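**Student:** In the working numbering, the protein residues as written are 44 to 517.
Here it is in structure tokens:
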């Protein structure tokens, strides 16, 4: 036990010495972190304590034989010191790893420092080159300054000469100014020159017109002379042919009147006066039929199930439902007129015109109702009366008042009447397509106007939605 204690004391002494050396190295190196320094100090303190314990253990080896209790106590102290030594060794290993990481960071910083030193060396070389160039340019600037000094002297001499010349020139100008006219005279002369320049252009234009007039006068005089010669010759021939005794007409007045024959040419023959009025009344009947649909179909009323539909779908619904009725009425009107004795030159065109006109009128009347509500129905009746006089169906529009003449070509009934006259009699040859196109355009305008009537809609429960003939709603 004594031999082991001596070896333990010697080992503790060596450990304390090495711990002090390690702590001194740690404190001398600035790269190690502060926690490692504190751990090193703790390790040194523990080693010192261990050395003291070992010394104390050596002094008490003599009393080892005195009792097992003292030995056991020393062994316990030795075990505690060994545990402290193990703890210090672990701390030393951990701090040594941190020191290695710090050393790697220091190595990386040294590499960056070396790179910066290389760039510094390159910049120093460039600075040396720039200094050499600056010295060369400084020498050139000195030479230029000498030349500039010589040029400045020459310039000063020239300025002196110029000043002397300006003095002489000012004296001469003062002499000339004394001999010039007054400013008022100069202004008068300037105004006169401007007036002369302006009137010179007028004079030139007048002279040109005078030249043209003289040429026309000479040409007219020549023509007048030629005409006078021709007139003289004609009068001479007339005088030679006029008999001395004029002959008188013989026979009775009835025979003289019968000798004149009248030639008549019919562009579009019409058999009777009733047929002539047929296009007019067909067009008016189609308009009246379209107006009557406002009393049958609820144009402003929609079922509750259609509240979420678009404006386009609503307008199409209001047009497609009465459309078969107005087409049917157009066919009935055409058939009725034909049964009354009217003849059709182009029966297919008569039917096509009546159908398109009826649909056009329906679109316009529906648009009036959607835009104005009940007032649209009244306005449709007013337009009916207005078109009676302005359509030119009963007598020519040229014989009407200026108001009717102005709106004659703007109302749709005029196009329907003229298109029916071509289809029935062949009148207005070549214009049928124009009238049909105008009707189609009027229908499209009415459809576009109907799309704008968004605020007039009313909604009713689905089970109450029906024609106003059966209910007062709508």
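We put the beta carbon where it would ideally sit given N, CA and C, even for glycine.
No experiment lies behind these values; they were computed from the predicted model shown.
(1) Tell me which residues share the same chain as residue 432 and place their Cβ nearer than 6 Å to its Cβ, disregarding the 5 neighbours each side in the sequence.
(2) Can we say the region 383–393 touches the region 456–467, given the rule of at least three CB pairs closer than 8 Å?
(3) To test your reading of the DSSP string, which unbroken alpha helix (DSSP H) runs of 4 or more residues are found completely within the region 258–323?
(4) Is the region 394–405 close to the region 366–377, with three or more CB pairs under 8 Å?
(5) Should residue 337 and residue 427 be called a contact, given that it needs their Cβ atoms to be closer than 8 Å?
(6) Where does the unbroken alpha helix (DSSP H) through residue 423 begin, and where does it stop?
(7) Using a Cβ distance threshold of 8 Å, determine whether the region 294–309 contacts the region 452–463, with at least three qualifying pairs required.
(8) Please go through the same chain and pick out, in chain order, the residues whose beta-carbon is closer than 7 Å to the beta-carbon of residue 183, but skip the five residues on each side of it.
(9) If you draw a straight line from the alpha carbon of residue 274 to that of residue 430, how long is it in whole angstroms?
(10) Report the rounded CA-to-CA distance for residue 324 versus residue 483, giving the unit in angstroms.
(11) Which residues in the same chain have their Cβ closer than 6 Å to the Cβ of residue 392, if we skip the five residues on either side of it in sequence?
(12) Just list the residues that DSSP pairs residue 503 with in beta bridges.
(13) Could you spell out where the alpha helix (DSSP H) holding residue 481 opens and where it closes?
(14) Rounded to a whole number of angstroms, what is the C-alpha to C-alpha distance between residue 439 and residue 445?
(15) With a threshold of 16 other CB atoms inside 10 Å of the CB of residue 217, please say whether the residue is buried or exposed.
(16) Whole angstroms is fine: what's the gap from residue 381's alpha carbon to residue 394's?
(17) Residue 457 lies in the alpha helix (DSSP H); which residues open and close that run?
(18) Roughly how far, in whole angstroms, is the beta-carbon of residue 500 from the beta-carbon of residue 359, given that I think they are within contact range, below 8 Å?
(19) Classify residue 233 as helix, strand or coil using the three-state DSSP reduction.
(20) Report all residues from its chain with a CB closer than 6 Å to the CB of residue 396; omit the five preceding and five following residues, and keep chain order.
(21) Enumerate in chain order the residues of its own chain whose CB-to-CB distance from residue 312 is below 8 Å, with the five nearest sequence positions on each side excluded.
(22) Write down every uninterrupted run of the beta strand (DSSP E) in the region 353–403 whose length is 3 residues or greater and which is fully enclosed by it, in chain order.
(23) Which of the three DSSP states is assigned to residue 406 in this structure?
(24) Looking only at its own chain, which residues have a Cβ that is under 6 Å from the Cβ of residue 434, when we skip the five neighbours before and after it?
(25) From the DSSP output, in three-state form, read off residue 445 for me.
(26) With distances taken from CA atoms, which of 330, 245, 314 is nearest residue 424?
(27) Count the other CB atoms within 10 Å of the CB of residue 272; is the residue buried (16 or more) or exposed (fewer)?
(28) When you compare only the Cα positions, how much space is there between residue 353 and residue 490?
(29) In this structure, how does DSSP classify residue 218 when only helix, strand and coil are distinguished?
(30) Give every residue of the same chain whose Cβ lies closer than 7 Å to the Cβ of residue 492, excluding the five residues on either side of it in the sequence, and list them in chain order.
(31) Rounded to a whole number of angstroms, what is the C-alpha to C-alpha distance between residue 262 and residue 314?
(32) In angstroms with no decimal places, state the Cα-to-Cα distance between residue 233 and residue 227.
(33) Looking at C-alpha atoms only, which residue of 351, 494, 299 is the closest neighbour of residue 407?
(34) Nearest to residue 332 by CA position, among 504, 452, 376, is which residue?
(35) Work out the CA separation of residue 249 and residue 260 for me, nearest whole Å.
(36) CB residue 347 to CB residue 504, shorter than 8 Å?
**Tutor:** Looking at the atomic coordinates:
(1) 447
(2) yes
(3) 296–301
(4) yes
(5) no
(6) 417–433
(7) no
(8) none
(9) 59 Å
(10) 21 Å
(11) 466
(12) 346
(13) 475–493
(14) 13 Å
(15) exposed
(16) 11 Å
(17) 455–468
(18) Between residue 359 and residue 500 the Cβ distance is about 14 Å, and since that is not below 8 Å, they are no contact.
(19) helix
(20) 462, 463, 466
(21) 468
(22) none
(23) helix
(24) 456, 457, 460
(25) helix
(26) 330
(27) exposed
(28) 15 Å
(29) helix
(30) 410, 414
(31) 59 Å
(32) 10 Å
(33) 494
(34) 376
(35) 16 Å
(36) yes
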